[in-house]
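**Student:** Residue numbers (UniProt numbering): 1 to 493.
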Amino acid sequence: MKSFEMRIGAMWRGASNGETFESTDPYTAQPWASFPRGTAQDVDAAVNAAHAAFENGPWTRMTASARGLLLHRLGDAIAANAAQLADMEVKDNGKLRAEMLAQMEYLPQWFYYYAGLADKVEGAVTPIDRPGMMHYVTYEPLGVVAAIAPWNSPLLLAAWKIAPALAAGNTVVIKPSEFSSASTLEFARLCEDVGFPPGVVNVVTGFGNEVGQPLVVHPLVARVAFTGSDSGGRAVALNAAETFKRVSLELGGKSANIVFDDAHLDDAVKGVVSGIFAATGQTCMAGSRLLVQSSIHDEFVARLTEFVKTARLGDPSDPATHIGPVSTQPQLDKTLSYIAIAKAEGAHCRLGGERSRRPGCEQGLFVEPTIFTGVRNDMRIAREEVFGPVLAVIPFDTEDEAVAIANDNPYGLAAGVWTQNLQRAITLPRRLHVGTVWVNAYRVVSYMAPFGGVKASGMGRENGVRAIHEYLEARSVFINPVPGIANPFVLSR
Ligand code: NAD
Numbered sequence: 001m002k003s004f005e006m007r008i009g010a011m012w013r014g015a016s017n018g019e020t021f022e023s024t025d026p027y028t029a030q031p032w033a034s035f036p037r038g039t040a041q042d043v044d045a046a047v048n049a050a051h052a053a054f055e056n057g058p059w060t061r062m063t064a065s066a067r068g069l070l071l072h073r074l075g076d077a078i079a080a081n082a083a084q085l086a087d088m089e090v091k092d093n094g095k096l097r098a099e100m101l102a103q104m105e106y107l108p109q110w111f112y113y114y115a116g117l118a119d120k121v122e123g124a125v126t127p128i129d130r131p132g133m134m135h136y137v138t139y140e141p142l143g144v145v146a147a148i149a150p151w152n153s154p155l156l157l158a159a160w161k162i163a164p165a166l167a168a169g170n171t172v173v174i175k176p177s178e179f180s181s182a183s184t185l186e187f188a189r190l191c192e193d194v195g196f197p198p199g200v201v202n203v204v205t206g207f208g209n210e211v212g213q214p215l216v217v218h219p220l221v222a223r224v225a226f227t228g229s230d231s232g233g234r235a236v237a238l239n240a241a242e243t244f245k246r247v248s249l250e251l252g253g254k255s256a257n258i259v260f261d262d263a264h265l266d267d268a269v270k271g272v273v274s275g276i277f278a279a280t281g282q283t284c285m286a287g288s289r290l291l292v293q294s295s296i297h298d299e300f301v302a303r304l305t306e307f308v309k310t311a312r313l314g315d316p317s318d319p320a321t322h323i324g325p326v327s328t329q330p331q332l333d334k335t336l337s338y339i340a341i342a343k344a345e346g347a348h349c350r351l352g353g354e355r356s357r358r359p360g361c362e363q364g365l366f367v368e369p370t371i372f373t374g375v376r377n378d379m380r381i382a383r384e385e386v387f388g389p390v391l392a393v394i395p396f397d398t399e400d401e402a403v404a405i406a407n408d409n410p411y412g413l414a415a416g417v418w419t420q421n422l423q424r425a426i427t428l429p430r431r432l433h434v435g436t437v438w439v440n441a442y443r444v445v446s447y448m449a450p451f452g453g454v455k456a457s458g459m460g461r462e463n464g465v466r467a468i469h470e471y472l473e474a475r476s477v478f479i480n481p482v483p484g485i486a487n488p489f490v491l492s493r
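1. Could I get the ranges of all uninterrupted beta strand (DSSP E) runs contained in the segment 112-142, with 3 residues as the minimum, in chain order?
2. Let me know the secondary structure DSSP gives I485 once reduced to three states.
3. Rounded to whole angstroms, how far is the Cβ of C284 from the Cβ of G253, which I believe are closer than 8 Å?
4. Closer than 7 Å: is that where the CB of T373 sits relative to any heavy atom of the ligand NAD?
5. So, using beta-carbon positions, are L155 and L107 closer together than 8 Å?
6. Note down the Cα distance separating P197 from R223, rounded to an integer number of angstroms.
7. Tell me the DSSP bridge mates of E462?
8. Would the beta-carbon of residue 495 be found less than 7 Å away from any heavy atom of the ligand NAD?
9. Who are the Cβ neighbours of S294 in its own chain at under 6 Å, not counting the five residues just before and after it?
10. Give a yes or no on whether the C-beta atoms belonging to F4 and A182 are separated by under 8 Å.
11. Using DSSP with H/G/I as helix, E/B as strand and the rest coil, what is L101?
12. Flag L157 as yes when its Cβ comes closer than 7 Å to any non-hydrogen atom of the ligand NAD, and as no otherwise.
13. Figure out for me which residue from A441, S23, Y447 has the closest Cα to the Cα of V272.
14. Can you tell me whether DSSP reads Y471 as helix, strand or coil?
15. Restricting to Cα atoms, I'd like to know which of E354, G281, L413 is closest to K95.
16. Tell me whether the beta-carbon of Y112 lies closer than 8 Å to the beta-carbon of I468.
17. Please find out if some non-hydrogen atom of the ligand NAD comes closer than 7 Å to the beta-carbon of I148.
18. Closer than 8 Å is the cut-off here; do at least three beta carbon pairs connect the segment 19-33 with the segment 116-130?
19. Considering just the uninterrupted stretch of the alpha helix (DSSP H) at K91, what are its terminal residues?
20. Straight-line CA distance for A225 to I339?
21. Just confirm the distance between the C-beta atoms of R424 and E399, as a whole number of angstroms; I'd bet it's less than 8 Å.
22. Can you have a look at S457 and say buried or exposed, based on whether 16 or more other CB atoms are within 10 angstroms of its CB?
23. In whole angstroms, what separates the C-alpha of T227 from that of G453?
24. Beta carbon of V434, beta carbon of G412: below 8 Å?
25. Just reading off the alpha helix (DSSP H) that D267 is part of, what are its end residues?
26. I'd like to check one pair, R358 with L313: are the Cβ atoms closer than 8 Å?
27. Taking 7 Å as the cut-off, is the C-beta of F478 nearer than that to any heavy atom in the ligand NAD?
28. Does at least one heavy atom of the ligand NAD sit under 7 Å from the Cβ of F4?
29. Which residue's Cα is closest to the Cα of R7: C361, V201, E368?
30. Three or more C-beta pairs under 8 Å: does that hold for the segment 76-89 against the segment 132-145?
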């Protein structure tokens, strides 16, 4: 079994109490690696190292261009190690190697993009209503940023926080998910290799309550960037409020994929399948509600079902596999429990609906791709996030009805619209209460495009030019160039 250490300041080390925990390979259901079980003491050491690097280190004295150069080198190092990083993620979370490799090969773009932005943050000299006085605004880094990540796309989602935070001149303490720490530790090694000064990038591994919570409440942490469940996000927001920290929350979803009868149906079938069965349904943006116009409902569901039946389940490292296991035992239990709930609610199980025992899937955490029809939008299967390969199909008649159903949900992360009607393609995105809309596409993300949610899907935006300002604060400077301050005891009118 592989054994990892965590990165605190200039040190690679174990937990303060010497304890470790294991990560299980979801395909073999066997532990494959062990990690330090971080403590509040370790968090304190990491935050202090990050704070010292911010206050006193060479990092803050570097020019923004030099910071950008380091980020660029880091992108190159990730590109050179993409396969190794992908292999680690597959071991940890069981997602398809093809998907993890594509992610790791795309990941450098975040570092190149924010590397380019690092020296383009401009302040402003502004007019001011005080005669003779000068006023200008600079945008300053915040200090220590805590980046807390989930297990489903471990390094990608951490990078959405780390790249703009570092480009802005902050230092970071990263807390990867307890289910997927390996690639983040390897990333920290690459940061060291390319020359980031000690303390700028720290990683503390461990559990949410033992590492995440002490990190969020630490008085020297200025900003928390969190991706995870809505329950985790609520705890983070409440804890951060105690110490008045800025927070961004990227949480769950129950996104609607809306198929109109004027859609290109072959494309729509593929888009719906990739929306819910890619990554075994374990993406925040999963299109887990299929809203399909009644006039094509039966035909579309039949085509969809036939297509999904061709999916091969199995070893996530085998390029011939289409759907891998779910990532963790709790995730398996949760998915199966929602399948039971949907059946009890009266939804019709059109496909799947059970743990998979196909040859090659006996040991792993496999669920059959599942389609429920006859779902009403008030059923739990239509309102709550499953985070597994389970699709809830809801019919609608009119465009207004589709919009009402799509918006009638606690979440607001994303939506898909399938139509060849130009007017609909342009007007509908403005009516959907979500952070991202795809028209005749699904699950597209880019370092250039803001991503985030509304309602229970969270707050704040990652990616795009403005994300760097999530890690900067305006500083207002007034300069009085002329001596002769008025007597403060004599009020002028
Ligand atoms: P989770 O909330 O269980 O854990 C996320 C991270 O938070 C982990 O590192 C965990 O250890 C930590 N954590 C848990 N409790 C904490 C606390 N009280 N204080 C500080 N840290 C704490 O989520 P998960 O199961 O790892 O991830 C799946 C969830 O993430 C799903 O709900 C999914 O929709 C969501 N997600 C959202 C996005 C997005 O961009 N909106 C992307 C991916 C995943």
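Beta carbons: idealized from backbone N, C-alpha and C, even for Gly. This one's a predicted model, so the numbers in the text were calculated from it and none came from an experiment.
**Tutor:** So, from the data block:
1. The segment 112-142 contains these whole beta strand (DSSP E) runs: 124-126, 134-141.
2. Translated into positions along the sequence shown, residue 485 becomes position 485. For I485, the secondary structure class from DSSP, reduced to helix, strand or coil, is coil.
3. As a working note, residue 284 is residue 284 in the sequence shown. As a working note, residue 253 is residue 253 in the sequence shown. By a beta-carbon distance limit of 8 Å, C284 contacts G253. Their separation comes to about 5 Å.
4. Taking the sequence shown and counting its residues from 1, the one referred to as residue 373 is at position 373. Answer for T373: no, Cβ out of range of the ligand NAD.
5. In the sequence shown, the residue the question calls residue 155 occupies position 155. In the sequence shown, the residue the question calls residue 107 occupies position 107. Yes, the Cβ-Cβ distance between L155 and L107 is below 8 Å.
6. By one-based count along the sequence shown, residue 197 stands at place 197. By one-based count along the sequence shown, residue 223 stands at place 223. Across the structure, P197 and R223 are spaced so that their CA atoms are roughly 21 Å apart.
7. Locating residue 462 in the sequence shown gives position 462, where the first residue counts as 1. Listed as beta-bridge partners of E462 by DSSP are F451.
8. For the chain, the structure presents residues 1 to 493; residue 495 sits outside this window and is missing.
9. In the sequence shown, counting from the first residue as 1, residue 294 sits at position 294. For S294, where only same-chain residues beyond five positions count, the Cβ hits under 6 Å are P395, D397.
10. As a working note, residue 4 is residue 4 in the sequence shown. As a working note, residue 182 is residue 182 in the sequence shown. Judged by beta-carbon spacing, A182 lies within the 8 Å limit of F4, meaning their Cβ atoms are closer than that value.
11. Within the sequence shown, residue 101 is the residue found at index 101, counting from 1. Correct three-state label for L101: helix.
12. What you label residue 157 is simply residue 157 of the sequence shown in a count that begins at 1. Shortest gap from the CB of L157 to any heavy atom of the ligand NAD: under 7 Å.
13. Taking the first residue of the sequence shown as 1, we reach residue 272 at position 272. Of the listed residues, the one whose Cα sits closest to V272 is A441.
14. As a first step, residue 471 must be located in the sequence shown, where it is residue number 471. Looking at Y471 - three-state DSSP - the assignment turns out to be helix.
15. In the sequence shown, the residue the question calls residue 95 occupies position 95. Of E354, G281, L413, the residue nearest in Cα terms is G281.
16. The count along the sequence shown starts at 1 and reaches residue 112 at position 112. The count along the sequence shown starts at 1 and reaches residue 468 at position 468. If you check the CB distance, Y112 and I468 do not come in under 8 Å.
17. Indexing the sequence shown from 1 puts residue 148 at position 148. Distances taken from the Cβ of I148 to the heavy atoms of the ligand NAD include one shorter than 7 Å.
18. In short, these stretches do not touch, since the Cβ pair count stays below three.
19. On the sequence shown, position 91 is the one that residue 91 refers to. K91 -> alpha helix (DSSP H) spans 82-93.
20. Taking the first residue of the sequence shown as position 1, residue 225 is located at position 225. Taking the first residue of the sequence shown as position 1, residue 339 is located at position 339. Here the C-alpha atom of A225 lies approximately 32 Å from the C-alpha atom of I339.
21. On the sequence shown, position 424 is the one that residue 424 refers to. On the sequence shown, position 399 is the one that residue 399 refers to. In this structure R424 touches E399 by the C-beta definition: roughly 7 Å separates them, less than 8 Å.
22. For this step, residue 457 is matched to residue 457 along the sequence shown. If you draw a 10 Å sphere on the C-beta of S457, you find 16 or more other C-beta atoms in it, and that means buried.
23. Looking up residue 227 in the sequence shown gives position 227. Looking up residue 453 in the sequence shown gives position 453. Distance between the alpha carbons of T227 and G453: 11 Å.
24. Your numbering for residue 434 matches position 434 in the sequence shown. Your numbering for residue 412 matches position 412 in the sequence shown. Between V434 and G412, the CB-CB gap stays under 8 Å.
25. If you number the sequence shown from 1, residue 267 lands on position 267. From DSSP, the alpha helix (DSSP H) with D267 extends over 265-276.
26. The residue given as residue 313 occupies position 313 in the sequence shown. The residue given as residue 358 occupies position 358 in the sequence shown. Their beta carbons are under 8 Å apart, which means L313 touches R358 by this criterion.
27. As a first step, residue 478 must be located in the sequence shown, where it is residue number 478. For the ligand NAD, not one heavy atom lies less than 7 Å from the Cβ of F478.
28. Locating residue 4 in the sequence shown gives position 4, where the first residue counts as 1. Judged by the Cβ position, F4 fails to qualify as a neighbour of the ligand NAD at the 7 Å threshold, every heavy atom of the ligand being at least this far.
29. Working through the sequence shown from its first residue, we reach residue 7 at position 7. Comparing Cα-Cα distances from R7 to each of C361, V201, E368, the minimum goes to V201.
30. Touching, no, given that fewer than three Cβ pairs across the two stretches are closer than 8 Å.
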